[in-house]
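The numbering of the sequence shown is this note's numbering, which starts it at 21 and goes up by one.
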Amino acid sequence: MEITWRAMSSEDMSAWVELLDEVETVDQTGERTTAEDLEEWISDPTIELGRDSLVAFDGETLVAQGIVTGRVTDEGIHRVRVEGAVRPSHRGRGLGAELLRRLFARGEELHRERHPDIPAEMEVGCHEPNRQFAALLEQLGLRPIRRFYDMRRDLGRPIDPVVVPEGLRLVEYTAELDDKVRVAHNAAFVDHWGNSAMDEERWKRACTGSYSFRPSLSYLLLTPDGEVAAYLLTREHPADTEATGVRSAVIDLLGTRREWRGRGAGTALLMHALAAYVRNGFERAELGVDVSNPTGALGIYERCGFEVATGWVAYSRALPAVERGLAVQ
Numbered sequence: 021m022e023i024t025w026r027a028m029s030s031e032d033m034s035a036w037v038e039l040l041d042e043v044e045t046v047d048q049t050g051e052r053t054t055a056e057d058l059e060e061w062i063s064d065p066t067i068e069l070g071r072d073s074l075v076a077f078d079g080e081t082l083v084a085q086g087i088v089t090g091r092v093t094d095e096g097i098h099r100v101r102v103e104g105a106v107r108p109s110h111r112g113r114g115l116g117a118e119l120l121r122r123l124f125a126r127g128e129e130l131h132r133e134r135h136p137d138i139p140a141e142m143e144v145g146c147h148e149p150n151r152q153f154a155a156l157l158e159q160l161g162l163r164p165i166r167r168f169y170d171m172r173r174d175l176g177r178p179i180d181p182v183v184v185p186e187g188l189r190l191v192e193y194t195a196e197l198d199d200k201v202r203v204a205h206n207a208a209f210v211d212h213w214g215n216s217a218m219d220e221e222r223w224k225r226a227c228t229g230s231y232s233f234r235p236s237l238s239y240l241l242l243t244p245d246g247e248v249a250a251y252l253l254t255r256e257h258p259a260d261t262e263a264t265g266v267r268s269a270v271i272d273l274l275g276t277r278r279e280w281r282g283r284g285a286g287t288a289l290l291m292h293a294l295a296a297y298v299r300n301g302f303e304r305a306e307l308g309v310d311v312s313n314p315t316g317a318l319g320i321y322e323r324c325g326f327e328v329a330t331g332w333v334a335y336s337r338a339l340p341a342v343e344r345g346l347a348v349q
């Protein structure tokens, strides 16, 4: 095995999709990735593909890939995230460890370049059943710090009636309200672990401007003065439907401003959306949740009929403190 390493280029897109498709066939994470997904991801202006990405080839075959990204969270931590994959046929040969070491080196460099004056954490997500990968992360000095669930609900089961909280009005999402939804999202998620406030560019690119966003299946609760008190945004991934034969609606974002919590706003949006999914031919609803979410979201989802399908764990380690690009001893 003679491996060559280089930065990723746009010409690698089809090979990247094929690699991730083979990885998903083995790992069964429940996520299929399309070229549209990857193009949206790397369109992030904070990603410098020539420096923040890495691919490995065995001859003409793409056998590993990875990307490093970084965002400053609401709590003032520069969270440097590393994501990557190794082709199943090439696992067990040290390729994953080498990929991570190279990406970690870039992550430390990225932190020194962009935010050397604040604390930083290196983070990698691990699908919970993948104990081999978890062991590798721990060997490299990372520790599990947060657990997340992917949850599902069969839409053939009964759906409770919608009870809209007093003082609020339930409406369908419209483009005219888009920025108010963004502002509400930033307010609702400010106390969530690892959250980074969305500016207009990132919001439109990653959320309501995405090819997978379904505005007609997204809903808002408005206050009497027209502000957004709570919101539910829906996505659909046709590649998942093609792979599984089950049409699923994905609840991408669901949030309630702090002053409107505890009144059933989230439940009202969920019940309304679930009924709409049924009318539109969906067979299943899906969402992801931080198990330690401070708003008690996990309990709400369980009461609304969602069940855990699989779990993810965030592994992390602190990056060395830096000052003017130099390590602080």
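All C-beta atoms, glycine included, are put in the ideal place defined by N, C-alpha and C.
Source: prediction; values computed, not measured.
Alpha-carbon to alpha-carbon, residue j and residue i
{"i": "residue 333", "j": "residue 287", "result": "26 angstroms"}
{"i": "residue 49", "j": "residue 63", "result": "24 angstroms"}
{"i": "residue 192", "j": "residue 237", "result": "7 angstroms"}
{"i": "residue 172", "j": "residue 297", "result": "13 angstroms"}
{"i": "residue 226", "j": "residue 90", "result": "15 angstroms"}
{"i": "residue 346", "j": "residue 181", "result": "Low confidence applies to residue 346: its pLDDT is 40, below 50, so where it sits in the model is not reliable, and the reading given next is rough at best. Whole-angstrom Cα-Cα distance: 59 angstroms."}
{"i": "residue 344", "j": "residue 68", "result": "Here the model assigns residue 344 a pLDDT of 43, short of 50, so the residue's position is not dependable, and the following value carries that caveat. Whole-angstrom Cα-Cα distance: 22 angstroms."}
{"i": "residue 348", "j": "residue 43", "result": "Low per-residue confidence applies at residue 348: pLDDT is 34, beneath 50, and the placement is therefore not dependable, though the value from the model is reported in the following sentence. Answer to the nearest angstrom: the Cα atoms are 40 angstroms apart."}
{"i": "residue 121", "j": "residue 189", "result": "51 angstroms"}
{"i": "residue 73", "j": "residue 187", "result": "49 angstroms"}
{"i": "residue 217", "j": "residue 40", "result": "29 angstroms"}
{"i": "residue 136", "j": "residue 338", "result": "13 angstroms"}
{"i": "residue 252", "j": "residue 259", "result": "22 angstroms"}
{"i": "residue 275", "j": "residue 80", "result": "46 angstroms"}
{"i": "residue 178", "j": "residue 295", "result": "9 angstroms"}
{"i": "residue 130", "j": "residue 93", "result": "16 angstroms"}
{"i": "residue 200", "j": "residue 307", "result": "23 angstroms"}
Helix, strand or coil at residue i [DSSP, three-state]
{"i": "residue 336", "result": "strand"}
{"i": "residue 320", "result": "helix"}
{"i": "residue 39", "result": "helix"}
{"i": "residue 209", "result": "coil"}
{"i": "residue 62", "result": "helix"}
{"i": "residue 304", "result": "strand"}
{"i": "residue 311", "result": "coil"}
{"i": "residue 217", "result": "coil"}
{"i": "residue 33", "result": "helix"}
{"i": "residue 235", "result": "helix"}
{"i": "residue 344", "result": "Any answer about residue 344 is weak, because its pLDDT of 43 lies below 50 and its placement is not dependable; what the coordinates show is given next. It is coil, neither helix nor strand."}
Sequence-distant residues of its chain with Cβ nearer than 6 angstroms to residue i (five each side left out)
{"i": "residue 290", "result": "324"}
{"i": "residue 35", "result": "82"}
{"i": "residue 263", "result": "52"}
Proximity of residue i and residue j at Cβ, strictly below 9 angstroms
{"i": "residue 165", "j": "residue 78", "result": "no"}
{"i": "residue 119", "j": "residue 106", "result": "yes"}
{"i": "residue 54", "j": "residue 170", "result": "no"}
{"i": "residue 114", "j": "residue 103", "result": "no"}
{"i": "residue 283", "j": "residue 211", "result": "no"}
{"i": "residue 142", "j": "residue 100", "result": "yes"}
Test: residue i CB closer than 9 angstroms to a CB of chain B
{"i": "residue 323", "result": "Considering every chain present, this structure includes no chain B. It has just one protein chain."}
For residue i, the first and last residue of its enclosing beta strand (DSSP E)
{"i": "residue 101", "result": "98 to 106"}
{"i": "residue 93", "result": "First-last for residue 93: undefined, no H or E at that position."}
{"i": "residue 144", "result": "140 to 147"}
Where the alpha helix (DSSP H) through residue i begins and ends
{"i": "residue 72", "result": "69 to 72"}
{"i": "residue 262", "result": "258 to 264"}
{"i": "residue 116", "result": "115 to 134"}
{"i": "residue 153", "result": "151 to 159"}
{"i": "residue 291", "result": "285 to 299"}
Same chain only: Cβ atoms within 7 angstroms of residue i, ignoring 5 sequence neighbours per side
{"i": "residue 302", "result": "175, 267, 268, 269"}
Residues near residue i by beta carbon distance below 8 angstroms, same chain, minus five either side
{"i": "residue 261", "result": "267, 268"}
{"i": "residue 153", "result": "116, 146, 147"}
{"i": "residue 285", "result": "185, 188, 241, 249, 250, 276"}
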